[in-house]
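Trainee:
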Amino acid sequence: MDEFPTLKQMVKTTHKTEYPTIAPNNTANSAADKIVFVTGGGSGIGFATARAFAIAGAKAIIIVARRVETLKEKAAQLAAELPSTKVLTFPLDISNEDAVNKVFAEVRDRLSADIDVVVLSAATMMIGVPAMQYSTKQLYDAFGTNVIGNINVVRAFLSTIDPKSPESKTRKIILDISTHSSYERYPMQAMYGASKLAFTHFVRHIGAEYARTGLRIHSYHPGGILTDATRVGGLDEDSYAWDDVSLPAGLATWLASPAAAFLNGRFILSNWDVDELAALKDTFEADEDFGRIVLKIKPKP
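In the working numbering, the protein residues as written are 16 to 316.
(1) Nearest to S285 by CA position, among V260, H220, S197, is which residue?
(2) Can you list, in chain order, the residues of its chain with a C-beta nearer than 7 Å to that of T36? Leave out the 5 residues immediately preceding and following it.
(3) Roughly how many angstroms lie between the CA atoms of F105 and V83, to the nearest whole one?
(4) Give me the residue from V118, F277, A67 with the minimum Cα distance to E33.
(5) Three-state secondary structure (DSSP) at P35?
(6) Could you please give the first and the last residue of the uninterrupted beta strand (DSSP E) stretch that includes H236?
(7) Restricting to Cα atoms, I'd like to know which of K187, I166, L266, V168 is closest to I176.
(8) Note the first and the last residue of the continuous beta strand (DSSP E) segment covering D259.
(9) Measure the CB-CB distance between V14 and I70 and report whether it falls below 9 Å.
(10) DSSP beta-bridge partners for T104?
(11) Nearest to Y235 by alpha carbon, out of N41, L190, V115, M141?
(12) Given this structure, state the Cα-to-Cα distance separating G55 from F305, to the nearest angstrom.
(13) I need the DSSP call for D113, collapsed to helix, strand or coil.
(14) Does DSSP put L135 in a helix, a strand or coil?
(15) Below 8 Å, can you find three or more Cβ-Cβ pairs linking the segment 271 to 281 to the segment 157 to 176?
And the structure:
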């Protein structure tokens, strides 16, 4: 298998760039009362998403990434372009649990408020390698970031909520930037797809355990975006009909709005037209498995 599979579409209309319904400057997607925490926020999809929430008027944006100089550069860029949004940056390896906990504690202390939205963009990709050629260290590194690292962030994010308490209510939202290679067999993406699937399934259990609190979780494929990581995998401008990074960035602001509540716990593609998804709201509510990664079983006659 050496070709990309044809994506299965839930709606008729698909997009390759931002459009009005998901635009961060659409007042319906206002983030004016939200504090947003973005991992992998120093570049690519993560930074574009942080910027989109700033455009949407977020109260504060917290950007974490490994590279200090990149963080300084991006923070300065946001401050110059969108000065009304407070921006905090922290160098962070999310696979380090203690470091993650310290950052969350410092954010809460400095802002005297809790975080409302977590965007999980940090990832180890390493595409373009046959499944049996990954070293054990490479596998540990990928699962350490894509699974354990994300769990560390979510654990710290949810530490202020008691899922067993009937009085525990929240407006917190987890945005899980996943991948279609978590459910499709993509060539040379075994490690990335498997590790992203593992976390997306893990977070589904979190959703069930925190259901009574009002926690929302949205998993989505960001589209085909040309990033530094995909370039390292050997791809370039001519490799694919790439989507614009504004697509997943804008979608994130829409997913964090009340309009997307019916998609809680579901998996969607950024390319799918959200107005047509909204028209399927009754279907989502009637079918627990609609829009989920599940085992398909044909009933016996």
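The beta carbon of each residue, even a glycine, is placed where N, CA and C say it ideally should be.
Mentor: In this structure, then:
(1) In the sequence shown, residue 285 corresponds to position 270, counting from 1. Residue V260 is the option with its Cα nearest to S285.
(2) As a working note, residue 36 is residue 21 in the sequence shown. If we look at T36 and ignore the five residues flanking it on each side, its Cβ neighbours are W269, V289, D290.
(3) Indexing the sequence shown from 1 puts residue 105 at position 90. Indexing the sequence shown from 1 puts residue 83 at position 68. The straight-line gap from Cα to Cα measures roughly 8 Å.
(4) The residue labelled residue 33 in the question sits at position 18 within the sequence shown. The candidate whose alpha carbon is nearest that of E33 is A67.
(5) For this step, residue 35 is matched to residue 20 along the sequence shown. Residue state, collapsed to three classes: helix.
(6) Counting from 1 along the sequence shown, the entry for residue 236 is found at position 221. Its beta strand (DSSP E) spans residues 231 to 236.
(7) Taking the first residue of the sequence shown as position 1, residue 176 is located at position 161. Among K187, I166, L266, V168, the Cα nearest to that of I176 is on K187.
(8) Locating residue 259 in the sequence shown gives position 244, counting from the first residue. Neither: D259 is in no beta strand (DSSP E) and is coded neither H nor E.
(9) Because the chain here runs from 16 to 316, residue 14 falls outside it and cannot be looked at.
(10) Position 89 of the sequence shown holds residue 104. Answer is I78.
(11) Counted from its first residue, the sequence shown places residue 235 at position 220. Of the candidates N41, L190, V115, M141, the one whose C-alpha sits nearest the C-alpha of Y235 is L190.
(12) Translated into the one-based positions of the sequence shown, residue 55 becomes position 40. Translated into the one-based positions of the sequence shown, residue 305 becomes position 290. Cα to Cα, the separation comes out at about 30 Å.
(13) On the sequence shown, residue 113 is found 98 positions in, with the first residue counted as 1. It is helical.
(14) Mapped onto the sequence shown, residue 135 falls at position 120. Looking at L135 - three-state DSSP - the assignment turns out to be strand.
(15) no
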